[in-house]
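Worksheet for the structure shown next.
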Amino acid sequence: MSVLITNIGELVTNAPRDAVSVPSPGPFDLITGAAVVLDGGLVAWTGPATSAPAADEIVDAGRRAVLPGFVDSHAHLVFAGERGDEFAARMAGQPYSAGGIRSTVAATRAASDGDLRANLAKLAAEMLAQGTTTFECKSGYGLTVRDEARSVALAAEVTAEVTYLGAHVVPPEFAGDPASYVDLVCGDMLAACAPHARWVDVFCEQGAFGADAARAVLLAGEDAGLQARVHANQLGPGPGVLVAVEAAAASADHCTFLTNADVDALASSGGTVATLLPAVEFSTRQPYPDARRLLAAGVTVAIASDCNPGSCFTSSMPLCVALAVREMHMTTAEAVWAATAGGAHALRRTDVGHLGVGARADLIMLDAPSHAYLAYRPGVPLIAGVWRGGERVV
Ligand SMILES: [Zn+2]
Numbered sequence: 019m020s021v022l023i024t025n026i027g028e029l030v031t032n033a034p035r036d037a038v039s040v041p042s043p044g045p046f047d048l049i050t051g052a053a054v055v056l057d058g059g060l061v062a063w064t065g066p067a068t069s070a071p072a073a074d075e076i077v078d079a080g081r082r083a084v085l086p087g088f089v090d091s092h093a094h095l096v097f098a099g100e101r102g103d104e105f106a107a108r109m110a111g112q113p114y115s116a117g118g119i120r121s122t123v124a125a126t127r128a129a130s131d132g133d134l135r136a137n138l139a140k141l142a143a144e145m146l147a148q149g150t151t152t153f154e155c156k157s158g159y160g161l162t163v164r165d166e167a168r169s170v171a172l173a174a175e176v177t178a179e180v181t182y183l184g185a186h187v188v189p190p191e192f193a194g195d196p197a198s199y200v201d202l203v204c205g206d207m208l209a210a211c212a213p214h215a216r217w218v219d220v221f222c223e224q225g226a227f228g229a230d231a232a233r234a235v236l237l238a239g240e241d242a243g244l245q246a247r248v249h250a251n252q253l254g255p256g257p258g259v260l261v262a263v264e265a266a267a268a269s270a271d272h273c274t275f276l277t278n279a280d281v282d283a284l285a286s287s288g289g290t291v292a293t294l295l296p297a298v299e300f301s302t303r304q305p306y307p308d309a310r311r312l313l314a315a316g317v318t319v320a321i322a323s324d325c326n327p328g329s330c331f332t333s334s335m336p337l338c339v340a341l342a343v344r345e346m347h348m349t350t351a352e353a354v355w356a357a358t359a360g361g362a363h364a365l366r367r368t369d370v371g372h373l374g375v376g377a378r379a380d381l382i383m384l385d386a387p388s389h390a391y392l393a394y395r396p397g398v399p400l401i402a403g404v405w406r407g408g409e410r411v412v
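Per my numbering, the sequence shown runs over residues 19 to 412.
Next comes the structure, spelled out in structure tokens:
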């Protein structure tokens, strides 16, 4: 059954008109006074409402804005417990460190599959209600063969974008022998997780994993058929970005502390996206990444939530867009592009993040006349409708 959404005040397509191919980095295209036709789960037509074709069902958008669904390319949703006290202590002056992850690891290991599945489903529903139609989900709070394997298996129940993050932090039982933990991550743990995952990730940071360990994890993952992505340069300068580019990773995530060499490497990488996670800086009071420096260098920039119980417990892409605009000086168009098409690039997806003809019919309607309202009216629930695969789900 085809659906015509018409009387759209502003239709953000992120696509050259009438193009089937994936948009190249940058083009934020919109049509005013627009309509879109959804058919067979795909975008079948976009253009001026006055020349829209007929369809089985008509939805009047009432001059509201319609955008591609958000693509959240970085989230940690398989966990148990919460860390509200740690957040409160941080707001009272204690710094964030990678060690807090260990308290979530203990809670996750102790949780039943049913509890982990219920928490995951709740967060996935929360994301959908806020306009996120594609999301990535990492393991990384199990850190045993059993707990990482069940984490990726549970994640695979809710998304195709599953990331094996055994190399999140060295668990306490390996504190005296981190090299043996890296061997486990590259060996039995990888073998148990690879069948459920598409991606391999490593937290390459002081206090987590250094360059050599990160390279070993990414290489082993690639040998098992997984593609690379890296947590890089979040807490200080380090080798993460260069390791990511060297591994031809799809994305280097965080990118807060960058040298000129890091920026140059990303700009000339030919496909490693810089994924910025501004809600983390909001929630940790760390400095924001320099988005303008990356954009000026021609780096492809994505925005994602990094939803996790420690450094950033928001699942809201509209909040991330607002922070990107207000705090990182991105334009409203750049921020919306980064939260949709940018996320798709970071996941190497050509079917989402834009509304070109042939794209998956994943789109959101705002209770507002333009995309700018996502930053102009921060904190206000503006998602008036969500279609996923052509079906209205919100
Ligand atoms: Zn993360």
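For glycine and all other residues, C-beta sits at the position ideal for the given N, C-alpha and C. None of these values were measured; they are calculated from a predicted model.
Asked: Identified DSSP bridge partners for Trp355; Found: BP columns for Trp355 are empty, so no partner.
Asked: Val77, enclosing beta strand (DSSP E) - first and last residue; Found: Glu75 to Asp78
Asked: Cut-off 6 angstroms between Cβ atoms - residues of its own chain near Ala210, not counting five sequence neighbours on either side; Found: Val163 and Ala167
Asked: DSSP-derived helix/strand/coil call for Asp195; Found: coil
Asked: Thr349 - DSSP class collapsed to helix/strand/coil; Found: coil
Asked: beta-carbon Asn326 near ligand 1 non-hydrogen atom, thresh 8 angstroms; Found: yes
Asked: Nearest to Asn326 (by Cα), restricted to the options Thr122, Ser20 and Gly80; Found: Thr122
Asked: Any non-hydrogen atom of ligand 1 closer than 8 angstroms to Asp282 Cβ; Found: no
Asked: Pro66 - containing beta strand (DSSP E), residue span; Found: Leu60 to Pro66
Asked: Whole-angstrom C-beta distance between Leu244 and Tyr182, which should lie under 8 angstroms; Found: 6 angstroms
Asked: Sub-9 angstroms separation of Ala62 and Val281 beta-carbons; Found: no
Asked: Delimiting residues of the alpha helix (DSSP H) encompassing Tyr391; Found: Tyr391 to Tyr394
Asked: 7 angstroms CB neighbourhood of Ala37 in its chain, flanking five on each side removed; Found: Interpretation of Ala37 is limited by its pLDDT of 42, a score under 50 that renders its predicted location unreliable; the figure taken from the coordinates is listed afterwards. Cβ neighbours of Ala37 beyond the five flanking positions: Gly374.
Asked: Length of the line joining the Cα atoms of Val203 and Gly160; Found: 12 angstroms
Asked: beta-carbon Asp271 near ligand 1 non-hydrogen atom, thresh 8 angstroms; Found: yes
Asked: Rounded Cβ spacing between Arg247 and Ala268 (contact assumed at less than 8 angstroms); Found: 5 angstroms
Asked: Where the alpha helix (DSSP H) containing Met207 begins and where it ends; Found: Asp206 to Cys211
Asked: Gly59 versus Phe275: straight-line alpha-carbon distance, rounded; Found: 41 angstroms
Asked: Which of helix, strand or coil DSSP assigns to Val404; Found: strand
Asked: Cβ contact (3+ pairs, closer than 8 angstroms) linking the segment 379-395 and the segment 300-311; Found: no
Asked: Through-space distance from Phe300 to Val55, alpha-carbon basis; Found: 38 angstroms
Asked: Those residues which DSSP pairs with Gln245 across a bridge; Found: Trp217
Asked: Sheet register partners of Ser269 (DSSP bridge); Found: Val291
Asked: C-alpha distance - Leu313 paired with Ala356, whole-angstrom precision; Found: 11 angstroms
Asked: Cβ separation of Gly149 and Met335, assumed to be a contact under 8 angstroms, to the nearest whole Å; Found: 6 angstroms
Asked: Per DSSP, cross-strand counterpart(s) of Val54; Found: Ile23 and Thr64
Asked: Neighbour-count burial assignment, Ala70, 16 or more Cβ in a 10 Å radius; Found: buried
Asked: Which of helix, strand or coil DSSP assigns to Gly160; Found: coil
Asked: Closer than 8 angstroms: Lys156 CB and nearest ligand 1 heavy atom; Found: yes
Asked: Buried versus exposed, by CB contacts within 10 Å (16 or more), Glu223; Found: buried
Asked: Separation of Thr152 from Gly87, as counted between CA atoms; Found: 7 angstroms
Asked: Bridge-paired residues (DSSP) for Ile49; Found: Leu29
Asked: heavy atom of ligand 2 below 8 angstroms from His94 C-beta; Found: Although ligand 2 was asked about, the structure shown includes only ligand 1 as ligands.
Asked: Beta-carbon spacing of Thr302, Arg108 below 9 angstroms; Found: yes
Asked: Proximity of Leu138 and Leu85 at Cβ, strictly below 9 angstroms; Found: no
Asked: Arg410 versus Ile23 - alpha carbon distance; Found: 11 angstroms
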